[in-house]
Every structure is written in C-alpha cells, then in structure tokens.
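For reference, the structure discussed in these notes is given below.
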Amino acid sequence: MLFSRLTSLLAFVLPLGVYFFTAAPTTYWEDTAAFQTAAFELGIVHNPSFPLYVLIGKVATLIPGADPRWLVNLVSALFGALSIWVLYKIAVILLTSQLTRAGQLLPRVIALVAALSTATIYGFWLQALRAEVYSLNCFLILATIWLILNYRFREIDLTRFLMMFGFLAGTGLANHSLIFLAALVPLALMVAIAYSDKLFNVTSISIAGAFSFLALTVFLYLPLRELFAPTFNWGDFSSFDAFLDSVLRLNTHTAVELLGATTPFVDRILSVIGSLLTPLGIVACLLALAGVIFYWRYDSFIASMLTALVFFNLFVTGYAAEFSKYNLDLYGYLMPTYALITLLALVGLSSLTAWLGRRFALKPVSHKAALSATAALVMVVALFNFDATYAKASKKYVCVAEDYATNIIASLPYGAIFLAGEDNSFAPLLCQQVVIGARQDVIVLSGGALLRHDYRRKVQERFPQLNYPDNWNESEFELEFRKNLYSWIKSNDKSHPVYLTLSEWTSPLIKELAPEGVVYSYSPGYQLTTEDTRRATAKLHFYSDLAVEYNDLTSREHFGRLLYNFGVYLVGQEQFSDAVALCRDAARTDPENVDLLLNCLRMFTAAGSVEDQRWVSDMIFAVDPENEQVMQILQKSLAMRQEANR
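Numbering (this note's numbering), first residue to last: 135 to 780.
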C-alpha cells in the first residue's frame with residue numbers, strides 16, 4: 135500500500151516540479167499573452183472564448199506575492215502534471231489486469247515509467263509551460279478514460295458514473311469543444327454499445343444530461359462579462375445568434391473550406407502522423423500497435439476504445455490545420471495521442487516481454503526480472519529524452535516577449551495609437567497595459583481585427599475621443615479596407631500620433647513610415663536616412679540575438695519575420711543592398727522556416743544576388759528536400775539574367 139501511494143505521488147510531483155521550474159516566467163507570445171490578460175481582468179479571448187480556463191486562471195491570479203502572468207502559466211503546469219498522474223492511474227489499471235503474474239508492485243513501476251516518459255515528450259512538455267487550454271483538455275480526456283475504466287472494472291456504480299461522465303463531458307466542451315468532442319464521440323459511442331441496456335433509458339440519460347448542462351452553464355460568463363466591456367474582449371454576444379456563432383465557431387471557416395484549403399486533407403493527416411514519429415519514433419508506434427493487439431485478447435472493448443480515440447484525435451488535428459512545428463497549438467491537439475501511444479507502447483513492450491518469457495521459457499531469468507529490466511531500460515531512454523528535450527522545451531529564462539512589449543510601449547509618445555499587425559505584437563502589449571498597468575494613455579489596437587465590424591464597434595465605444603468616419607460600423611468600410619484605414623489614420627494622427635508594425639495591409643504606406651526601433655511612426659513625406667536604418671537594424675538584431683540565444687522557436691519565427699519585413703520596407707525606400715542584408719539576417723535567425731526562406735529567396739532573386747540564392751536554397755533543401763517552389767524561383771531568376779544579358 136505504501137509503495138502504491140509513493141508511485142502515485144511521484145507520478146504527480148515529479149512532472150509538476152519539472153513544469154514548475156521550466157514554465158515561462160512572464161509574458162509569452164500570442165494566445166499565451168491573451169489568456170494571461172483575460173484571466174487577470176476576466177476578459178474574453180477569441181472564440182469559442184474558453185471560459186473555463188479563463189475562470190480557473192483568474193483564481194490563480196488571486197494568489198498574492200507572485201507575477202499574475204506566471205501564475206496563469208502555472209495553471210497549465212498543474213493540469214499537465216494532473217494529466218500525467220491520471221495517465222499513471224490508467225496504466226496501473228491496464229497493466230495490473232494483464233500482467234497478473236507480475237504481482238502488484240512491478241506493474242506500478244512500469245506505469246510510472248510510462249507516465250514520466252510522456253511528461254518529457256516535447257509537444258506535451260511545451261503545453262505545460264504556457265497559458266493555454268490544452269493541458270486542461272488533456273486532463274479532462276484522460277480523466278474520462280479513467281472513469282470509464284473504473285466503471286468497466288466495477289469500481290464505481292452506475293449513478294456515480296453517469297453523474298461524473300456527464301459533468302466531464304460538459305466541462306470538456308466548455309474548455310475546448312473541438313478537441314474534446316473528437317475524444318467524446320468514440321468514448322461515448324463505445325460506452326453506449328457496451329452498456330446499452332443500462333444507459334438507454336430516461337433516468338440514465340436525464341442524469342448524464344443534467345450534469346452536462348450544469349457544466350456548460352460556465353458559458354453564461356461570456357455574455358454577462360461582456361456587459362462590463364472588459365479591455366480584452368474578442369467576443370460578440372450582443373444577441374443570441376451572435377452568442378451561438380461565437381460559442382459554436384459558426385462565424386469561422388466551414389469544414390468544407392478547411393478540408394479543401396491549401397494542402398489536401400490526406401497530406402495533412404500524413405504530416406500529423408509524421409509529427410508523432412519525430413518525438414516517439416517508429417519503434418514506439420509499433421510497440422503501441424502490439425499493445426493494442428495483446429490487450430485485445432484480454433479486453434476488446436478497452437483496446438478498441440483507445441484505438442478509436444487515437445484515430446479520432448489524429449483526424450481532428452488534420453482537420454484543424456496543417457501541422458507545423460511553428461504552430462504550437464497543434465502540439466496541444468496531439469497531447470492525448472502522445473499520452474495514449476506512450477501508454478500503449480509500454481503495454482505492448484511489457485506484454486511482449488511476458489510472451490517471450492512464456493514462449494521460450496527464459497530460465498534462470500524470471501518473469502519479474504525480465505519485466506524489471508524492460509522498465510529500467512525504458513526509464514534510461516526517458517532520462518536521455520529528458521536531457522535532450524530540456525533545452526528545447528524550457529521557457530524558464532525566455533523573457534523576449536516581455537522585453538519586446540515593454541520597450542515598444544515605453545517608447546510611444548503620450549496618447550499615441552499603436553496598430554499591432556499580429557497577435558505576437560497585440561497580445562503582449564495589451565498584457566502590459568492590463569496586467570502591469572503600463573501606459574494607460576496609449577491606445578493599443580489590433581490592425582487586422584479592424585476588418586471586423588464588431589471589433590470596430592468596441593473600439594469606438596472604448597475610445598470615443600478619436601475621429602471615426604460615417605461608415606466606420608458599416609460593411610462598406612471593409613470593402614476598401616486599406617483606403618479607409620489610411621484615411622482614419624490620417625484623420626487622427628495630429629491629435630493621437632499613429633505608430634504601427636509592418637504587415638500586409640501597411641506595406642503601401644512604406645513611403646510614409648519612419649522606423650523607430652521595432653515600430654514605425656506614420657510620417658507623411660518622410661525621407662529615410664542611413665542613421666535611421668542603422669538604428670532600426672540594431673534594435674531588431676538585439677531581439678533576434680535574444681531569440682537565438684534562448685533557442686526559442688516562436689521568438690525566432692517572430693523576429694525572423696520582422697527582419698524580413700524591414701527588408702521589404704527598405705526595398706520600398708530603395709535601399710536594396712541593406713534589404714538583402716536584412717534578408718540574410720532573417721534567414722540566419724530562423725533557418726528552418728521554409729516559408730520565410732522562400733520569401734528571402736524571392737528577395738535575393740529580385741536583387742540578382744546569385745550567391746545568396748544558392749545559400750538560401752541549400753537551407754530550404756536541408757529542411758524540405760522535395761520543395762518545388764525553389765526550382766520555380768531559381769528558373770525565373772535564370773530567365774531574368776538571360777534576358778538582361780541579351
């Protein structure tokens with residue numbers, strides 16, 4: 135009993151300690167900063183608005199004596215550790231039911247190894263270090279599996295099962311409806327098939343439905359909170375239809391559009407599968423397959439349930455978006471699959487060891503000794519994986535987003551308008567204002583979100599002192615967005631100087647933008663000087679060097695893009711040699727970002743820099759050997775040179 139409690143405690147305490155000491159200390163990029171801000175002030179993040187995580191994050195910020203942003207990051211660390219603990223509990227149930235000859239202690243050791251191995255997977259570890267909904271989602275999915283197994287092995291009665299299953303279903307849908315629904319469908323389907331005689335009656339459905347509805351009432355937070363107009367507010371709950379659009383994401387891309395977008399769906403699924411093989415390896419996946427086969431003979435219900443769950447999770451990940459190591463969200467989508475494949479791999483390895491022992495009668499090596507050696511070997515592999523992943527996953531010293539946002543907001547003049555071009559600029563800046571209380575006089579807006587009429591309406595309500603055209607809240611404003619936005623900038627610039635970052639919609643303004651570090655001021659008729667270029671380049675290099683030093687993927691992507699954007703700006707200012715140099719620096723900052731490298735290649739082609747073309751082409755082929763766009767760009771460059779020589 136004591137040993138059982140000790141292994142259970144270690145399954146929670148060890149990953150919690152690792153996540154606690156490697157969590158991001160302050161503001162981090164994109165959605166992390168958004169959740170930190172929303173949790174602190176009870177705001178509303180992008181749809182479906184994730185009210186459960188925001189409310190839990192708010193509770194964390196009430197702990198005195200610590201940075202609220204770090205405390206919200208620790209919410210993910212807590213649920214990441216709880217996920218590992220529940221995974222351990224699941225592994226104990228599976229292994230003790232199968233390895234009956236191994237006694238009670240050894241299966242718990244193997245279960246602990248399985249759980250801790252999962253904790254060190256990069257995609258899993260990463261989501262436990264930043265404010266995001268995915269570790270909570272993984273915990274709820276694994277808790278649902280654990281509940282089903284406990285009911286399967288008659289550890290709880292039907293009424294308690296229905297109450298808990300219904301509540302977990304509603305809670306999961308209130309956290310991240312898309313991923314949790316992908317898990318809930320196979321789980322509910324398997325339970326319904328296996329226990330149809332007990333579940334398909336008015337009483338059972340009413341109990342489960344009532345507790346699901348109870349959990350879903352957390353969505354009422356959204357329209358109630360919007361009445362108080364929080365600073366961080368991406369929701370639109372002005373009517374019941376708007377509420378449904380936001381909560382059900384009906385105002386986003388349709389499934390047909392997603393399935394037909396950019397890369398074919400089958401290719402995206404293959405890409406997602408490839409992302410599993412990278413951290414887990416093909417051996418682990420084959421062992422997981424063996425685990426399903428071995429366990430099928432013992433309990434086909436459990437084996438088929440876990441297999442269906444993995445396939446549904448892979449499907450929804452492929453449906454959601456193309457997998458890329460730069461899309462940190464998709465690592466969150468795959469958290470349940472990482473956990474289940476690692477678990478099944480250990481089940482497969484243990485079963486295989488036991489089968490070989492029986493098949494070949496390995497004497498004098500005992501059955502328990504063989505299993506112990508297997509567990510020890512896997513633990514050694516997990517420790518090596520921990521050492522290899524630590525530097526890549528840890529965010530303990532990564533404060534680049536904090537420094538970036540602090541310096542931008544401190545450099546703006548009184549009453550300035552700052553138009554952020556992307557989430558990496560907007561969310562950290564607003565986090566500085568809301569959580570830290572910095573520069574309340576500065577108006578921070580999302581330039582891209584101004585395309586949305588509901589966002590423009592909120593801007594006008596919050597900042598009535600600004601000038602607004604008559605069509606500001608009309609759809610016609612969006613029809614000629616750039617033209618209307620430039621007119622709005624010009625009408626406000628004298629009373630509220632406008633500063634911005636470079637993005638697609640700001641590029642036509644290049645001749646009227648003056649670089650001041652990593653931001654640009656709206657200055658009609660501006661003439662760029664060499665000193666301006668030098669100063670802005672030095673500032674960009676300072677941040678890109680920090681990103682490279684900490685080897686933080688998102689930071690490198692952000693500043694690599696900023697360096698490239700500044701190169702585009704310099705082309706518009708007819709400083710071509712400096713633009714080429716900036717593109718070289720962008721490629722060095724983020725040398726594995728194929729999209730960025732292709733843009734740099736196009737820049738080198740336009741500038742006629744053949745040596746740079748070869749250099750960046752080699753970088754692209756090192757990451758993506760089959761890339762066809764490289765040859766198309768190079769052929770175009772060759773044709774241009776041949777035409778120039780005639």
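All C-beta atoms, glycine included, are put in the ideal place defined by N, C-alpha and C.
When DSSP states are grouped into helix, strand and coil, I577 belongs to the strand group. One thing to note: L732 has its Cβ no nearer than 7 Å to the Cβ of D724. Per DSSP, the beta-bridge partners of V632 are I551. Nearest C-alpha to D575 among Y660, G581, Q747, F597: F597.
For S231, the enclosing alpha helix (DSSP H) begins and ends at 202-232.
Residue environment: F371 is assigned as buried (16 or more neighbouring CB atoms within 10 Å of its CB, all protein chains considered).
In the structure shown, N447 adopts helical secondary structure according to DSSP, grouped into three states. Cβ neighbours of P562 within its own chain (closer than 6 Å, five residues either side excluded): T161, A167, A535, A539. Judged by their CB atoms, Y677 and F700 are not nearer to each other than the 7 Å cut-off. Annotated as distal: L348 and A424, with beta-carbon spacing of 7 Å or more. Rounded to whole angstroms, the gap between the alpha carbons of Q661 and Y620 is 19 Å. Its chain contains A721, P725, L731 as the residues whose beta carbon lies nearer than 7 Å to that of M753, once the 5 sequence neighbours on both sides are disregarded; these appear in chain order.
Within the same chain, L732, L735, S751, I754, F755 come within 8 Å of V764 by CB-CB distance, once the 5 residues on both sides are set aside.
Under the 10 Å beta carbon count, G581 is surrounded by 16 or more other beta carbons and is classified as buried. At the C-beta level, V352 and A308 come within 7 Å of one another. Boundaries of the beta strand (DSSP E) around E650: 647-650.
Only residues of its own chain outside the window of five on either side were considered, and among them V226, L229, T230, L233 have a CB closer than 7 Å to the CB of P241, listed in chain order.
Counting of Cβ neighbours within 10 angstroms places L333 among the buried residues, the total reaching 16 or more. Straight through space, the alpha carbons of V193 and T365 are spaced by roughly 19 Å.
Beta-bridge analysis with DSSP links V653 to E650. Contiguous alpha helix (DSSP H) elements confined to the stretch 313-394 occur at 330-333, 336-350, 355-360, 374-381, 389-393, taking only those with 4 or more residues. I290 carries a coil assignment under DSSP once its states are collapsed to helix, strand and coil. Under the DSSP definition of a beta bridge, I178 partners with N367.
Here the alpha carbon of T441 sits roughly 12 Å from the alpha carbon of I279.
The closest CA to that of P182, considering only S311, S609, S655, N601, is found on S311. Residue burial is scored here from C-beta neighbours: P202 has at least 16 other C-beta atoms within 10 angstroms and is therefore classed as buried. Cβ atoms of L613 and V593 stay farther apart than 8 Å, at about 19 Å.
In summary, F445 is exposed, with fewer than 16 beta-carbon neighbours lying within 10 Å of its beta-carbon over all protein chains present.
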